[in-house]
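Residue numbers (UniProt numbering): 1 to 278. For each residue, glycine too, the CB sits at the ideal point set by N, CA and C. Values in this document were obtained by computation on a predicted structure and should not be read as measured data. What follows is a short report on a single structure.
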Amino acid sequence: MNNILSEEVLNVTDFTTSRQLTLWKREDLQSSQLDDVAEEVPVALVYNGISHVVMMASPKDLTHFAMGFSLSEGIIDSPREIYGMDVVPSCNGLEVQIDLSSRRFMGLKARRRALAGRTGCGVCGVEQLNDIGKPVQPLPFSQTFNLGNLDRALKHLNDFQPTSKLTGCTHAAAWVMPSGELAGGHEDVGRHVALDKLLGRRAMEGEEWRQGAALVSSRASYEMVQKSAMCGVEILFAVSAATTLAVEVAERCNLTLVGFCKPGRATIYTHPQRLIAD
């Protein structure tokens with residue numbers, strides 16, 4: 001099996017498709033013409049030969065997605081517990097074949113649950129209501145962020161959304177350094193998948209991405225908060241609003257949650273002590 005940092009076998013660099021569409025503008029039904037549509041494919045995460053979950057996703061950066069999902073769902077605690085990954089085509093989509101440590105695989109089998117993922121899935125990986133709000137280790141207060149640097153990050157978030165510029169159909173998640181510089185970002189048709197890709201990338205980057213915060217172009221749902229906290233992210237910025245359950249979970253696990261992020265303004269929902277007002 002390939003090393004987890006190797007190029008994905010499909011080498012997908014463009015995940016849009018040109019389709020013949022009919023456009024309407026006021027008082028004019030225009031003739032058919034080509035336009036870009038975002039790709040969305042079923043992606044199965046297969047651990048040691050057993051399919052655990054199928055999610056709808058954009059067919060790019062799938063090893064980062066698999067790593068982030070494995071961490072944010074508590075399947076692993078460290079990237080070292082995954083020995084390798086391959087992305088391979090299947091009859092109806094793609095598979096990420098993951099070589100998982102024996103100890104973690106035994107734990108996965110013990111709690112394995114069936115899940116049919118959807119682009120806008122509300123509670124991915126949850127089978128029973130009792131599984132919602134599963135305990136997350138409270139985060140330390142080891143980081144601060146100067147809100148004066150957030151404008152820089154917001155200005156450049158679109159740089160990591162080339163597919164959105166073409167299709168208007170994807171979400172983005174980016175890592176913001178304390179300076180406001182964006183260290184990297186990912187986009188996907190699913191906001192949870194975009195965040196998982198970012199969290200996986202952060203784990204694989206190591207110490208260089210320890211400091212900073214996550215920034216998402218979408219709303220902040222309960223699951224976005226829980227995924228961030230599971231991966232040790234102390235600060236989550238969202239361009240849109242947060243839900244009540246997201247705020248409750250963020251308060252409980254000591255995560256600083258900030259929504260409605262716009263140049264020069266934002267709404268701080270929880271734990272403002274990490275933030276410095278410039």
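(request) Using DSSP bridges, identify the partner residues of His-171. (result) Locating residue 171 in the sequence shown gives position 171, counting from the first residue. Secondary-structure assignment with DSSP links His-171 through a beta bridge to Asp-188.
(message) Does the structure place the region 185-193 close enough to the region 203-212 that three or more beta carbon pairs sit under 8 Å?
(response) no
(request) Compare the Cα-Cα distances from Pro-135 to each of Cys-261, Gln-226, Phe-237 and report the closest residue. (result) Taking the first residue of the sequence shown as 1, we reach residue 135 at position 135. Out of Cys-261, Gln-226, Phe-237, Gln-226 has the C-alpha closest to the C-alpha of Pro-135.
(request) Kindly give me the distance between the Cβ atoms of Asn-158 and Asp-99, rounded to whole angstroms, as I take these residues to be in contact under 8 Å. (result) What you label residue 158 is simply residue 158 of the sequence shown in a count that begins at 1. What you label residue 99 is simply residue 99 of the sequence shown in a count that begins at 1. About 36 Å separates the two Cβ atoms, so there is no contact after all.
(request) Measure from the alpha carbon of Ala-241 to the alpha carbon of each residue in Gln-33, Ala-220, Leu-71, then state which is nearest. (result) For the purposes of this step, residue 241 is identified with residue 241 of the sequence shown, where counting begins at 1. Closest option to Ala-241, Cα to Cα, is Ala-220.
(request) For Pro-89, write down the residues that DSSP places opposite it in a beta bridge. (result) Working through the sequence shown from its first residue, we reach residue 89 at position 89. BP columns for Pro-89 point to Leu-94.
(request) Note down the Cα distance separating Glu-205 from Asp-35, rounded to an integer number of angstroms. (result) One-based indexing of the sequence shown puts residue 205 at position 205. One-based indexing of the sequence shown puts residue 35 at position 35. Those two C-alpha atoms are separated by around 36 Å.
(request) Have a look at Leu-257 and Ser-32 and give me their C-alpha separation to the nearest angstrom. (result) On the sequence shown, residue 257 is found 257 positions in, with the first residue counted as 1. On the sequence shown, residue 32 is found 32 positions in, with the first residue counted as 1. Going by the C-alpha atoms only, they are around 45 Å apart.
(request) Kindly give me the distance between the Cβ atoms of Glu-40 and Ser-51, rounded to whole angstroms, as I take these residues to be in contact under 8 Å. (result) Locating residue 40 in the sequence shown gives position 40, where the first residue counts as 1. Locating residue 51 in the sequence shown gives position 51, where the first residue counts as 1. About 19 Å; that fails the 8 Å criterion.
(message) Could you check whether Leu-199 and Ser-72 sit closer than 8 Å to each other, using their CB atoms as the reference points?
(response) Position 72 of the sequence shown, counting from 1, holds the residue named residue 72. Position 199 of the sequence shown, counting from 1, holds the residue named residue 199. Cβ atoms of Ser-72 and Leu-199: closer than 8 Å.
(request) Per DSSP, which residues does Tyr-47 bridge with? Please list them. (result) Within the sequence shown, residue 47 is the residue found at index 47, counting from 1. Beta-bridge pairing links Tyr-47 to Ile-50, Ile-98.
(request) Compute every distance between the C-beta of Gly-148 and the non-hydrogen atoms of the ligand NAD, then say whether any falls below 7 Å. (result) This structure lacks the ligand NAD; in fact it carries no ligand of any kind.
(request) Taking Gly-68 as part of the alpha helix (DSSP H), name the residues at either end of that continuous run. (result) On the sequence shown, position 68 is the one that residue 68 refers to. Residue range 62-72 is occupied by the alpha helix (DSSP H) that includes Gly-68.
(message) Quick check: what's the CA-CA separation for Arg-252 versus Phe-260?
(response) In the sequence shown, residue 252 corresponds to position 252, counting from 1. In the sequence shown, residue 260 corresponds to position 260, counting from 1. Going by the C-alpha atoms only, they are around 21 Å apart.
(message) Measuring only the C-alpha atoms, how far is Gly-180 from Thr-63?
(response) Taking the first residue of the sequence shown as 1, we reach residue 180 at position 180. Taking the first residue of the sequence shown as 1, we reach residue 63 at position 63. Gly-180 and Thr-63: Cα-Cα distance of roughly 26 Å.
(request) Within its chain, find whatever has a CB closer than 8 Å to the CB of Thr-270; leave out the 5 residues flanking it on each side and keep chain order. (result) The residue you call residue 270 lines up with position 270 of the sequence shown. Cβ within range, chain order: Val-247, Ala-250, Glu-251, Leu-255, Thr-256, Leu-257.
(message) In whole angstroms, give me the CA-to-CA distance for Asn-149 and Asp-77.
(response) On the sequence shown, position 149 is the one that residue 149 refers to. On the sequence shown, position 77 is the one that residue 77 refers to. Approximately 31 Å, taken between the alpha carbons.
(request) Take Val-239 and list the residues in its own chain whose beta-carbon comes closer than 6 Å to its own, dropping the five residues that flank it on each side. (result) To locate residue 239, count along the sequence shown from 1; it is residue 239. If we look at Val-239 and ignore the five residues flanking it on each side, its Cβ neighbours are Ser-217, Cys-261.
(message) At the level of alpha carbons, what is the spacing between Val-87 and Lys-155?
(response) What you label residue 87 is simply residue 87 of the sequence shown in a count that begins at 1. What you label residue 155 is simply residue 155 of the sequence shown in a count that begins at 1. Near 33 Å, if we compare the C-alpha coordinates of Lys-155 and Val-87.
(request) Identify whether Tyr-269 lies in helix, strand or coil by the three-state DSSP scheme. (result) Stepping through the sequence shown from its first residue, residue 269 is reached at position 269. Reduced to three states, the DSSP call for Tyr-269 is coil.
(message) Nearest by alpha-carbon distance to Gly-107: which of Val-96, Glu-81, Ala-66 is it?
(response) For the purposes of this step, residue 107 is taken as the residue at position 107 of the sequence shown. Its Cα nearest to that of Gly-107, the residue Glu-81 stands out among Val-96, Glu-81, Ala-66.
(message) In the DSSP output, what is residue 338 paired with across the bridge?
(response) Here the chain comprises residues numbered 1 to 278, so residue 338 is not present and cannot be evaluated.
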